[in-house]
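Numbering (the numbering used here), first residue to last: 194 to 590.
Ideal Cβ placement from N, Cα and C applies to all residues, glycine included.
Comments concern the structure below.
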């Protein structure tokens, strides 16, 4: 078992004078994640390192699982802390650590290397001496191991700090990215499909806080379809933090488009009104952009010409993190983050119930705008009604 967890990060380390802002936000997000774990944990920053210190009886494995959902963390290292810093005692503790974690029964003929660092310069042995003397102690006690300083099977890091000697060798991967809350806020167009939850996850990984809109079309879409989207929002909120999900009744707008616009243009025009509504809610939420799960050429509404027509109604930037991904790549991420099984449940959303038999794949913006004029006498009140009757559901803690 460990006395602390060393938290490794990558990109934060190159933020220059703003680095402390990113570190502080990361520590806040870690503290939020650890609130869900049994026990008491303290996050501390010491000489360019961030540690999680458990106090008393704690669910230590649960803490590791919780931290694996925090963007900004690239590695989690369970650490043995030796407070008696006399060299002989440190060597004894190190040997015990190696025997426990790398016993002869499973690690015979493996190689190791000691990687000593000495942030506390007052310690009587320098890094080179620590490497040699601690390596000798391990070799004498564990003859089944050999030294390889270039490509070791086992890399054991020993950090000498004023508060103690920190020993670790295992790095549990984190999700990487930047801490949520360091890059503003954006609004996700969340459907019940595979793509949009992955898009939200990927933008949140760049430090963006997420809210979402979902377009509901009763009675053509069921309450189970709505619950499916709520469940997807809950799953991605594990990584993104709390999400305000706006459920917008889109039925009357869809019916008007269906009745008054050319059928081959239904999908493009419907998508343009979705973007208009999403932008209204984005601005209310203080969002600086919209997020969609579109990928070039995946469906008729995602050709480059269709995306041009869709973008034309937006004043906010539209973030499309999946734009160059193929479907299997998107599925792989959805499986990793736990949204895939929910996404494939057979409950239709409003994007699938009014699909043209032969949708236009190379729409012209002027033609689409002309077709929309047939809605001029009805669309204003329908948009106002959709905004006024929207339901907001908050998911995540």
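Going along the chain, which residues of its own chain have a beta-carbon closer than 6 Å to the beta-carbon of residue i, five neighbours each way excluded?
i: residue 213; result: none
i: residue 376; result: 399, 400, 401
i: residue 312; result: 240, 354
i: residue 417; result: 540
Tell me whether the beta-carbon of residue i lies closer than 8 Å to the beta-carbon of residue j.
i: residue 441; j: residue 568; result: no
i: residue 482; j: residue 510; result: yes
i: residue 337; j: residue 301; result: yes
i: residue 535; j: residue 383; result: no
i: residue 219; j: residue 202; result: yes
i: residue 365; j: residue 257; result: yes
Apart from the five residues on each side of it in sequence, which residues of its chain come closer than 7 Å, Cβ to Cβ, to residue i?
i: residue 497; result: 489
i: residue 420; result: none
i: residue 551; result: 457
i: residue 584; result: 440
i: residue 500; result: 487
Since residue i contacts residue j with CB under 8 Å, what's their CB separation in whole angstroms?
i: residue 561; j: residue 461; result: 6 Å
i: residue 349; j: residue 305; result: 6 Å
i: residue 445; j: residue 538; result: About 26 Å; that fails the 8 Å criterion.
i: residue 196; j: residue 272; result: 6 Å
i: residue 540; j: residue 386; result: At roughly 11 Å, the Cβ-Cβ gap does not stay under 8 Å, so residue 540 and residue 386 are not in contact.
i: residue 269; j: residue 380; result: Actually they do not touch by this definition, with Cβ atoms about 31 Å apart.
Between the Cα of residue i and those of the options, spot the shortest distance and give me the residue it belongs to.
i: residue 374; options: 241, 274, 222, 208; result: 222
i: residue 274; options: 357, 341, 324; result: 357
i: residue 280; options: 508, 353, 208, 262; result: 353
i: residue 307; options: 317, 298, 282, 343; result: 343
i: residue 347; options: 412, 296, 367, 387; result: 296
i: residue 363; options: 317, 474, 267, 505; result: 267
i: residue 466; options: 565, 371, 582; result: 565
i: residue 581; options: 477, 459, 229; result: 477
When the Cα atoms are used, what is the spatial distance from residue i to residue j?
i: residue 224; j: residue 234; result: 8 Å
i: residue 456; j: residue 217; result: 53 Å
i: residue 277; j: residue 283; result: 7 Å
i: residue 507; j: residue 205; result: 32 Å
i: residue 198; j: residue 512; result: 35 Å
i: residue 255; j: residue 422; result: 27 Å
i: residue 328; j: residue 517; result: 48 Å
i: residue 553; j: residue 470; result: 23 Å
Within a Cβ cutoff of 8 Å, which residues of the same chain sit near residue i, ignoring the five residues on either side of it in sequence?
i: residue 429; result: 390, 393, 394, 397, 403, 436, 530, 532
i: residue 248; result: 232, 233, 234, 235
i: residue 288; result: 330, 331, 334, 335
i: residue 587; result: 435, 436, 437, 438
Could you tell me if the beta carbon of residue i falls within a distance shorter than 7 Å of some heavy atom in the ligand COA?
i: residue 442; result: Inclusion of the ligand COA in the displayed structure is not the case, the ligand content being empty and no account of it being possible.
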